[in-house]
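S.K.:
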Amino acid sequence: MQETTTEIRFASPKRYIEESLIFKKGQLGEVGFLSGNEACAYGALAAGLGFYAGYPITPSTEIAEILSYRMPALGRVFIQMEDEIASMGAIIGASLTGLKSMTATSGPGFSLMQENLGYACIAEVPCVVVNVQRGGPSTGLPTSPAQGDLMQARWGTHGDHPIIALYPTSVQEAFELTMVAFNLAEKYRTPVLFLMDEVIGHMREKVVFPREGQIPVLERRKPPKGLEKFQPFAEDDGLVPAMSAFGEGHRYHVTGLHHDPAGYPTLRPDEINRWFERVFAKIEQNLDDILLYREEDLEDAETVILSCGITARAARAAARQARKQGLKVGTLTLQTIWPFPEKLVRDLGSRVRRILVPELNRGQLIREVQRCVRHPEVAIGGINRLDGGVITPAQILEKLEERSWPGSSH
Amino acid sequence: MARKLPLIHRYLRKDKKFPTVWCPGCGIGVVLGSLIRAVHNAGIPKDDVVLVSGIGCTGRMPVYVDFNTLHTTHGRALTFASGVRLANPRLKVITVMGDGDAIAIGGNHFIHACRRNIEITAIVVNNFIYGMTGGQFSPTTPTGDISATSPYGNLAQSVDICELARDCGASYVARSTIYHVNEMEKQIARAVTTSGFSVVEVLSTCYSRYGKLNQKGSPREMFLALKDQTVPIAKAAGDGRISRGVFIDRAEAAYSDTYQAIVAKAREHDAGEPLPLLDPARTGGTR
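Line by line, the protein sequences are chains A and B. Under this note's numbering, think of the first position of the first sequence as 9, with each following residue one higher. Under this note's numbering, think of the first position of the second sequence as 22, with each following residue one higher.
Here is the structure:
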């Protein structure tokens, strides 16, 4: 894997500071005051975004607006497509020519993208899909936060497939994790989903921009020059095949059908099985690289709050308050929600007495926790909210103070 | 003495298993031959051609040809093709779609590709039916015709693909048939060398899934019917025969060219004043 930290690839920090609406004078080049959507757009530019296609939808639209104005100035491509199906198709096409590609949307648009998202999975096309979540189902709550698309992110497109999904808890992370999303997409030849909460997308916070090289910018692996016969899905040089761009002379075939290493459609069970094994293995054998999370006060914790996004901030506030009251509470914040950190959570289940999973849905993340934790004496409780509001530290604290949770032995 | 192989063999993939998926009596192979000869005669290198398709019988065409080939999802060929073309304007992007692929499930994308006048050639092979799924009616199936899902006759009107393309802003729009091979080849040759969005509708035959159900006779008779039931535009007499020929060939600004002008404009702004959109005075710092 090449790592490039050149000026060309990493847009100059000064430039994106100047572009942010408000910034602290005197610290130009270091600190900005941005919304999560802005941070996501600038993070994408910093990661070397070459092609953006999208369709307007609340609460993600600012990402498209910023890129419609920055991409042409950088000689890169922005296009507003006729719908989200087309946006997803366009970024796959662009990625096949070698450009880092992205689209951004929200629930209804994310539903439309599932079709071609599956195509990116089977054809192993790197791309980043941002979903600034809003309340659902259907048109739901266009301007309110929800964390209802976690399972859709995992299983939304039909058929078995691995997927990577990242989830920031702050505007700072929106910037940094967007860069990471591109790196993972290019490194593992896979679509990477970027789930953001509406409140993070629209909230303004201080952002300390990473210095050049602080977050490396990765490029996809290309086949060696002068290669006689290129196999776009070869299995012989590792789990992630090298990827040639259309127009570079290899003239290969890409299809949404199951295919052999040359890319041609196949019905052979052995070839189909090998493909499934390889694409799952390329993710599962690199979990150390892919799984991002933050642990706080877990050493002696009897109760752990497991959460993501905006809810994780309430969780941390509640945990600190609980500590003051003498409760041994720690937090686990998932920045990578897919693949789910099974081992991490399983091990946690053997150390703690209670796991609390607050989330802005009817209980999606908690199912994963219940699946992984196999100690019957560990109580697993949830806090759920679906009415367009967020979960507060007070709500979490109240739950922590409850002596026994329904269904638990504590 | 070794027989000289026809030109198309220099363009077919040697490592791909033949025969094709197409039924005996199918017209799609004829279109493939014309497409290859047109690209060859236009002098476009194989490396620069990206052949994009959707789903259906026509969607299977790219896999046989030694270009950069992209077999996408149903109806979405033009969306992938738009991404390819904008990302690398050096590439010659050609889509091949069936009537259902291009006009039913992909109808919206077709309209907007025309409207943008993006530099893509769209070859629509119109065989009046969904062949691969077993012969269900499509947007071009004539009213009253029998299909697997219209056993009492097709209710709706059929759409005229060329009129649609012209009205939506395509630069070049033409129609031919698999019977009129030379005419089709000329039209495709013009389409791939024109700037802007070009559409060639090729009337074709589906003996297995359409002809048999509607007493259209043998494959040979279906081929000949394309001769009898079509007429050059100039000789159109309003007698129900379908017009063939070039409906429009106009020089309009193409999308990539216009985009390059936008890039120049954006760079000018970049060097000087901040753009109005992000001017705090204008937005008041909130949105």
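Just so you know, even glycine gets a beta-carbon here, dropped at the ideal spot from N, CA and C. No experiment lies behind these values; they were computed from the predicted model shown.
(1) Measuring straight from C-alpha to C-alpha, what distance separates residue 372 of chain A and residue 161 of chain A?
(2) Can you check which of these residues, A/131, A/89, A/78, is closest to residue 120 of chain A by C-alpha distance?
(3) For chain B, is any of its Cβ atoms less than 7 angstroms away from the one on residue 209 of chain A?
(4) Straight-line CA distance for residue 225 of chain B to residue 238 of chain B?
(5) Check the Cβ of residue 90 of chain A against every Cβ in chain B and list those closer than 8 angstroms, keeping chain order.
(6) I need the DSSP call for residue 315 of chain A, collapsed to helix, strand or coil.
(7) Mind listing, in chain order, the continuous beta strand (DSSP E) runs of no fewer than 3 residues lying wholly within the stretch 157 to 213 of chain A?
(8) Does any residue of chain A bring its CB to less than 7 angstroms from the CB of residue 277 of chain B?
(9) To the nearest angstrom, how far is it from the Cα of residue 302 of chain B to the Cα of residue 391 of chain A?
(10) As a quick exercise: from A/274, A/287, A/355, pick the residue whose alpha carbon is nearest that of residue 312 of chain A.
(11) In this structure, what does DSSP give as the bridge partners for residue 203 of chain B?
(12) In this structure, does DSSP put residue 258 of chain A in helix, strand or coil?
(13) At what residues does the beta strand (DSSP E) containing residue 269 of chain B begin and finish?
(14) Could you tell me the distance, in whole angstroms, from the CA atom of residue 195 of chain B to the CA atom of residue 176 of chain B?
(15) Between residue 243 of chain A and the rest of its own chain, which residues show a CB-CB distance below 7 angstroms, the 5 nearest in sequence each way excluded?
(16) Could you tell me which residues DSSP puts in a beta bridge with residue 263 of chain A?
(17) Given a limit of 9 angstroms on CB to CB distance, which residues of the stretch 98 to 126 of chain B reach chain A?
(18) Please check if any C-beta of chain A sits within less than 7 angstroms of the C-beta of residue 154 of chain B.
(19) So, under 8 angstroms CB-CB, residue 102 of chain A and residue 107 of chain B are touching, yes? Tell me the CB distance rounded to an integer number of Å.
(20) For residue 84 of chain B, which residues of its own chain have a beta-carbon under 8 angstroms away from its beta-carbon, when the five flanking residues on both sides are left out?
(21) Between which two residues does the alpha helix (DSSP H) containing residue 274 of chain A stretch?
(22) Taking 7 angstroms as the CB-CB limit, is residue 169 of chain A close to chain B?
(23) Beta-carbon within less than 6 angstroms of residue 227 of chain B's beta-carbon, same chain only, minus the 5 sequence neighbours each way: which residues are those?
(24) Out of B/60, B/114, B/199, state which residue places its alpha-carbon closest to the alpha-carbon of residue 223 of chain B.
(25) Is the Cβ-Cβ distance between residue 115 of chain B and residue 72 of chain B less than 7 angstroms?
(26) Between the alpha carbons of residue 333 of chain A and residue 397 of chain A, how many angstroms are there, rounded?
(27) When the Cα atoms are used, what is the spatial distance from residue 149 of chain A to residue 64 of chain A?
(28) Express the C-alpha separation of residue 238 of chain A and residue 250 of chain A in angstroms, rounding to a whole number.
(29) Output the boundary residues of the beta strand (DSSP E) element that contains residue 78 of chain B.
(30) Residue 87 of chain B versus chain A: which residues are under 8 angstroms apart at the beta carbon?
(31) Note down, in chain order, each residue of its chain lying with its Cβ closer than 7 angstroms to the Cβ of residue 55 of chain B, except the 5 sequence neighbours on either side.
(32) Consider the Cβ of residue 34 of chain A: report whether some Cβ of chain B lies at a distance smaller than 7 angstroms.
(33) Give the range of the alpha helix (DSSP H) segment to which residue 50 of chain B is assigned.
(34) Quick check: residue 226 of chain A and residue 202 of chain A, are their CB atoms within less than 7 angstroms of each other?
(35) May I have a chain-ordered list of the alpha helix (DSSP H) segments no shorter than 4 residues that lie completely inside the stretch 165 to 250 of chain B?
(36) Is the separation between the beta-carbon of residue 47 of chain A and that of residue 207 of chain A shorter than 7 angstroms?
M.R.: According to the structure shown:
(1) Numbered from 1 along the first sequence, position 364 holds the residue referred to as residue 372 of chain A. Numbered from 1 along the first sequence, position 153 holds the residue referred to as residue 161 of chain A. Each residue's alpha carbon lies about 11 angstroms from the other.
(2) Residue numbering aside, residue 120 of chain A sits at position 112 when the first sequence is read from its first letter. Residue 120 of chain A has its Cα closest to that of A/89, out of A/131, A/89, A/78.
(3) Translated into the one-based positions of the first sequence, residue 209 of chain A becomes position 201. Answer no: the Cβ-Cβ gap between residue 209 of chain A and chain B never drops below 7 angstroms.
(4) As a working mapping, residue 225 of chain B is identified with position 204 in the second sequence. As a working mapping, residue 238 of chain B is identified with position 217 in the second sequence. The alpha-carbon atoms of residue 225 of chain B and residue 238 of chain B are separated by roughly 14 angstroms.
(5) As a first step, residue 90 of chain A must be located in the first sequence, where it is residue number 82. Within chain B, the residues near residue 90 of chain A are 129, 130, 132, 133.
(6) Taking the first sequence and counting its residues from 1, the one referred to as residue 315 of chain A is at position 307. Strand.
(7) Counting only runs of 3 or more, we get 172 to 174, 199 to 205.
(8) Indexing the second sequence from 1 puts residue 277 of chain B at position 256. By this cut-off, residue 277 of chain B is not an interface position.
(9) Against the second sequence, residue 302 of chain B aligns to sequence position 281. Against the first sequence, residue 391 of chain A aligns to sequence position 383. Legend: pLDDT at residue 302 of chain B = 42, less than 50; position of this residue unreliable, value from coordinates given subsequently. Each residue's alpha carbon lies about 43 angstroms from the other.
(10) Numbered from 1 along the first sequence, position 304 holds the residue referred to as residue 312 of chain A. When only C-alpha atoms are compared, the closest one is A/355.
(11) In the second sequence, the residue the question calls residue 203 of chain B occupies position 182. Its beta-bridge partners do not exist; DSSP assigns none.
(12) As a working mapping, residue 258 of chain A is identified with position 250 in the first sequence. Coil at residue 258 of chain A, not helix or strand.
(13) Here the question's residue 269 of chain B lines up with position 248 in the second sequence. Looking at the DSSP string, the run of the beta strand (DSSP E) that includes residue 269 of chain B is 263 to 270.
(14) Here residue 195 of chain B is taken as the residue at index 174 of the second sequence, counted from 1. Here residue 176 of chain B is taken as the residue at index 155 of the second sequence, counted from 1. Approximately 27 angstroms, taken between the alpha carbons.
(15) The residue you call residue 243 of chain A lines up with position 235 of the first sequence. Within the same chain, 269, 282, 286 come within 7 angstroms of residue 243 of chain A by CB-CB distance, once the 5 residues on both sides are set aside.
(16) Working through the first sequence from its first residue, we reach residue 263 of chain A at position 255. Partner(s): B/92.
(17) So the close ones are 98, 99, 100, 101, 102, 103, 104, 105, 106, 107, 108, 109, 111, 112, 114.
(18) Along the second sequence, one-based indexing puts residue 154 of chain B at 133. By this cut-off, residue 154 of chain B is not an interface position.
(19) By one-based count along the first sequence, residue 102 of chain A stands at place 94. By one-based count along the second sequence, residue 107 of chain B stands at place 86. The Cβ separation is near 7 angstroms, so the contact holds.
(20) Here the question's residue 84 of chain B lines up with position 63 in the second sequence. Within the same chain, residue 84 of chain B has close Cβ partners 34, 37, 90, 92.
(21) Here residue 274 of chain A refers to the residue found at position 266 of the first sequence. Counting along the chain, residue 274 of chain A falls outside any alpha helix (DSSP H), and DSSP gives it neither H nor E.
(22) As a first step, residue 169 of chain A is located in the first sequence; it is residue number 161 there, counting from the start. False, the Cβ-Cβ gap to chain B never drops below 7 angstroms.
(23) Against the second sequence, residue 227 of chain B aligns to sequence position 206. These residues qualify, in order along the chain: 148, 150, 152.
(24) Residue numbering aside, residue 223 of chain B sits at position 202 when the second sequence is read from its first letter. For the residues B/60, B/114, B/199, the minimum Cα distance to residue 223 of chain B belongs to B/199.
(25) Reading the second sequence from its first residue, position 94 is the one you call residue 115 of chain B. Reading the second sequence from its first residue, position 51 is the one you call residue 72 of chain B. Residue 72 of chain B sits close to residue 115 of chain B, with the two beta carbons spaced by under 7 angstroms.
(26) Against the first sequence, residue 333 of chain A aligns to sequence position 325. Against the first sequence, residue 397 of chain A aligns to sequence position 389. Approximately 27 angstroms, taken between the alpha carbons.
(27) Against the first sequence, residue 149 of chain A aligns to sequence position 141. Against the first sequence, residue 64 of chain A aligns to sequence position 56. Approximately 16 angstroms, taken between the alpha carbons.
(28) Here residue 250 of chain A refers to the residue found at position 242 when the first sequence is read from its first residue. Here residue 238 of chain A refers to the residue found at position 230 when the first sequence is read from its first residue. Straight-line Cα distance between these residues: approximately 9 angstroms.
(29) For the purposes of this step, residue 78 of chain B is taken as the residue at position 57 of the second sequence. No beta strand (DSSP E) holds residue 78 of chain B; DSSP gives it neither H nor E.
(30) For the purposes of this step, residue 87 of chain B is taken as the residue at position 66 of the second sequence. The contacting residues are 259.
(31) If you number the second sequence from 1, residue 55 of chain B lands on position 34. Only 202, 205, 206, 209 meet the Cβ criterion.
(32) Looking up residue 34 of chain A in the first sequence gives position 26. In this prediction, residue 34 of chain A scores a pLDDT of 30, lower than 50, which makes its location untrustworthy; the coordinate-derived value is nonetheless stated afterwards. No, its Cβ sits nowhere closer than 7 angstroms to a Cβ of chain B.
(33) Counting from 1 along the second sequence, the entry for residue 50 of chain B is found at position 29. Here the alpha helix (DSSP H) through residue 50 of chain B covers 49 to 62.
(34) Here residue 226 of chain A corresponds to residue number 218 of the first sequence, with the count starting at 1. Here residue 202 of chain A corresponds to residue number 194 of the first sequence, with the count starting at 1. No; because the gap between Cβ atoms is not below 7 angstroms, this pair is not in contact.
(35) 182 to 189, 202 to 214, 240 to 249
(36) By 1-based counting over the first sequence, the position of residue 47 of chain A is 39. By 1-based counting over the first sequence, the position of residue 207 of chain A is 199. No. Outside cutoff.
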